[in-house]
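What follows is a set of notes on a single structure, which appears directly below.
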Amino acid sequence: MKNKKITLKSTLVAYMYLSPMLIFTLIFNFYPIIKSFALSFYTKYNFYTDQVSAIGLDNFKYIFADPDFKKATINTLIFVVGVVPIAVILAMILALLLYRIKFLASFLKTIYFLPFVTSTVAISLVWQWIYNDQYGLLNSFLGYFNIKPINWLNDPHWAMFALIIMTIWKSLGFNIILFLAGLSNIDKRYDRVAQIDGANTWQRLRFVTIPLLSPMTFLITVNSVISGFKVFDEIYILFGGNPGPGSSALTLVFYLYRAFYTESQYGIAAAAGVVLFLIILAVTLIQFWYSKKHVHYV
Amino acid sequence: MKKKSVISIIVVAILAIGAVVYVGSNHSKTTPVTASGQPIKITLWTGITGNYQKSLQNLANSFNSSQKKYQVVLTSQTNYQTLNQKILAAAKSGTLPVMGMATYTSLADYKHNGFIQNINDFYKTTLSSNQKNDLYPSFLSGTKVGSDFYSIPFSKSLRIMYVNNDILKKYNLTVPTTWEEMAKEGQILKSHGIYAYGFDASFQSEWEGMLHAAGINPVSASGQVDVNNPKAIEAAKVILDMVKDHTAKSAGSDIFWTKNFVNGKSAFYIGSSAGLSITTMQAPKNLNWSTTQVPSYQGSNATEVAGNDLVVFKGATLEQKAGAYSFMKYLLEPQNTTTWAKDTGYVPVDQSAVKSDAYQAYLHTNPRAVAAVNALPNSFSQTSFVGFNQYYTMAGQTFNNMLTTHVSAETALNKLANQTKQIISNNK
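Protein sequence lines, in the order shown, are assigned to chains H and U. Quick note, the first sequence lines up with residues 1 to 298 if you use our numbering. Quick note, the second sequence lines up with residues 299 to 726 if you use our numbering.
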């Protein structure tokens, strides 16, 4: 089968198998992306009749001059930088620990995985209670250490931090499962050889496990970065439909949503979407470039 | 050649699917004819669920059985946010229903985007002048964009003040009738760790009420922006000073102050009359609470109208429009308005419904509902203008900034004035 010659017929068969998914992707992904790009250049446009009276760069000029867009971009970057490293490292540590224990391992894996299978809305609502400044669990816990109650969700200084904590917690389950899958794929002989060579636990972890786990670490990082840039649901529920106190949790997708659904600024929303797309593309390309040097595929 | 064949196959497949989708979508459109004596379907999208939807369904059922020409079919879109998104998508794809619920402040935007039909002939011919004059003026004014009518009032609520009588009794206080009295009582309650005035995430509605009382319209129909009028700044300062002084507090991310009110965190709470049922549900049985009108400002009482109207969407045929008119007239009949108000807690939209024995009996057994009815003569609708939703989002952000980042009322409202002027000029 492997050496079978590629013919027109075999190519057609392959395309036939691919076509259902391809057609759906073209209609529901590719076409909307092209339309969004086009929409971002429509400066005078009736969204409902599809009548374009003027095109240009005004939508981009508007967003780059808009302080809210600047704020949304900075907040998104803070969010990604705040969430991704901790989420990845913490998930890796927990996965390494879970991989080593036998007792209650399945039970603990289920516990960690629960947030992933629970809806974001439910999670955010629970965290809304945890963060409540008067009745919340977190302030009650901090009270044992004589820490004054923090107005997590209504103080602009704490809102982003609160959002980051919740997102890290929520992302742990899925990342742990991926890391565990990565760990189980590492051939145990590498570890044994290092052991025979006299490497201690830390050295085996540092020079064997972590490098061999790097493809999975890379995948999780890319995935987390992209999810981070697209954060929306958590903010919407946690702050009751607002982008946090004083817009302190206004992110790019929230900006886009608001422009589209509540302000009917379709061109502006599309332009924000294009900028977000370019940012994610650039960051992902940088990650791929970096991975070529530092990710080890066996 | 090979490549070309593959591309042709893909193109043909896409075209075929496209054709199927197109034919399917055309086929699914409702045909506006009374073919074979079938009643004309009047589709109505709502943003309500539970008892609210059930009550409206009962009214639709009784309308459907009262005649054979039309059949009202309700579809709940579960909430107003989803409803708005569905309307937007349906307008884009040309699949709008015949009727729908819409906030009255959206009317100008809906009209501007060509979503809705004017229903002047409904008010001129279908509704008698007596029925029209029976509607509360504040509700009627909300149905207009310029001089044209675009909706009928339907699920309406007003701002009322919830009062914790236990706190009043304990500290020997009376119900404040002015904002000055409210601030004064706040000083007494502050020392006991109780706020005088609790409000929802924003005090924007109260501010708008104060402005109306002071004779200011934040944004007029002609586009005059007065959100930063000295009187408007002064009104915002009254509440901000109370917040700063710890005699008033926002619900913040809780959105509604209800939870805090029933837990005795404040003596008074100004909220929507639509929140009566949830407050009743959440309040402990032994809590002694009542409702009254919002305090007066500069010697006048004014309370803002909130809620949804019913509109007729563009694309409805003449027959469907006639059916929609027939149903709207049915809903505005005093006994139906009364039923709807009793079932849902919304205020009746016509005066004869309020005076009816059935509604008076309801008020007798539900004394907390009286405050909203008493506030009706002093109620007002906001002026709807093109770009209102954008303005409203920015106003929300402005009030949030005043409360959370402690921007002064003057700075925040001056910024809002500039933003509003920009919105109005962009939409001209």
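Ideal Cβ positions, reconstructed from N, Cα and C, are used throughout, including at glycine. Model, not experiment: these values are computed from the prediction.
| query | result |
| --- | --- |
| By the three-class DSSP mapping on this structure, what secondary structure does U/I414 have? | strand |
| Between the segment 167-187 of chain H and the segment 106-123 of chain H, do three or more beta carbon pairs fall short of 8 Å? | yes |
| Quick one: which chain U residues come within Cβ less than 9 Å of H/L153? | G550, S551 and D552 |
| Is it buried or exposed for U/S518, if we count other Cβ within 10 angstroms and need 16 for buried? | exposed |
| Determine which residues share a DSSP beta bridge with H/T221 and list them. | Paired residues: none, contrary to the question. |
| Would you kindly check if the distance between the Cβ of U/W343 and the Cβ of U/G412 is under 9 Å? | no |
| Assign H/V283 to one of three DSSP states: helix, strand, or coil. | helix |
| Who are the Cβ neighbours of H/F41 in its own chain at under 6 Å, not counting the five residues just before and after it? | I55 |
| Would DSSP call H/Q265 helix, strand or coil? | coil |
| From U/G513 to U/Y460, what distance separates their C-alpha atoms? | 25 Å |
| Of all Cβ atoms in chain H, is any one closer than 9 Å to the Cβ of U/M378? | The residue asked about is misnamed: residue 378 of chain U is Tyr in this sequence, not Met. Judged by the 9 Å Cβ criterion, U/Y378 is not in contact with chain H. |
| Answer with buried or exposed for U/D648, where buried requires no fewer than 16 other C-beta atoms within 10 angstroms of its C-beta. | buried |
| Between which residues of its own chain and H/K293 is the CB-CB distance below 7 Å, once the five residues before and five after are set aside? | none |
| Could you check if U/R666 is buried or exposed, using at least 16 other CB atoms within 10 Å of its CB as the buried criterion? | buried |
| Less than 9 Å between the C-beta atoms of U/D552 and U/A499, yes or no? | yes |
| Taking the beta strand (DSSP E) that H/Y42 falls in, what are its first and last residues? | Y42 to N46 |
| Evaluate U/S326 with the Cβ neighbour count: other Cβ atoms within 10 Å of its Cβ, from every protein chain shown; 16 or more gives buried, anything less gives exposed. | With a pLDDT of 38 at U/S326, under the threshold of 50, the modelled position of this residue cannot be trusted, and the question is left open. |
| Could you tell me which chain H residues have their CB closer than 7 Å to the CB of U/Q695, listed as they occur along the chain? | S247 |
| Are at least three pairs of beta-carbons, each pair with one atom in the segment 419-438 of chain U and one in the segment 676-693 of chain U, less than 8 Å apart? | yes |
| Use the C-beta contact count for U/V319: other C-beta atoms within 10 angstroms, 16 or more gives buried, fewer gives exposed. | Bear in mind that the predicted position of U/V319 carries a pLDDT of just 39, short of 50, making it too unreliable to give a figure here. |
| What residues in its chain sit with their C-beta under 7 Å from that of U/L661, if we drop five residues either side in the sequence? | A667, V668 and V671 |
| Express the C-alpha separation of U/S391 and U/Q618 in angstroms, rounding to a whole number. | 19 Å |
| State whether the segment 549-566 of chain U contacts the segment 447-464 of chain U, with contact taken as three or more CB pairs (one from each stretch) at a distance under 8 Å. | yes |
| DSSP puts U/K339 in a beta bridge; with which residues? | U/Q369 |
| Within a Cβ cutoff of 7 Å, which residues of the same chain sit near U/Y350, ignoring the five residues on either side of it in sequence? | T642 |
| Can you tell me which of U/Y623, U/A622, U/Q658 and U/L616 puts its alpha carbon nearest to the alpha carbon of U/Q633? | U/Q658 |
| What residues in the segment 696-714 of chain U have a beta carbon less than 7 Å from any beta carbon of chain H? | N698, N699, T702 and T703 |
| How should U/H704 be labelled, buried or exposed, when 16 other C-beta atoms within 10 angstroms of its C-beta is the threshold for buried? | exposed |
| Could you confirm whether any beta carbon from chain H is found closer than 9 Å to the beta carbon of U/A499? | yes |
| In the structure shown, what three-state DSSP assignment does U/F437 receive? | helix |
| Between which two residues does the alpha helix (DSSP H) containing U/L608 stretch? | Taken as a continuous stretch (DSSP letters only), U/L608 belongs to no alpha helix (DSSP H), being part of the beta strand (DSSP E) at T601 to V610. |
| Does the count of Cβ pairs from the segment 581-600 of chain U and the segment 369-385 of chain U closer than 8 Å reach three? | no |
| Just to confirm before moving on: does the CB-CB distance between U/I537 and U/F566 stay below 9 Å? | no |
| Output, in chain order, the set of chain U residues within a Cβ distance shorter than 7 Å of H/F239. | S551 |
| So what does DSSP say about U/S449, is it helix, strand or coil? | strand |
| Could you check what DSSP says for U/W587 in three-state terms: helix, strand or coil? | strand |
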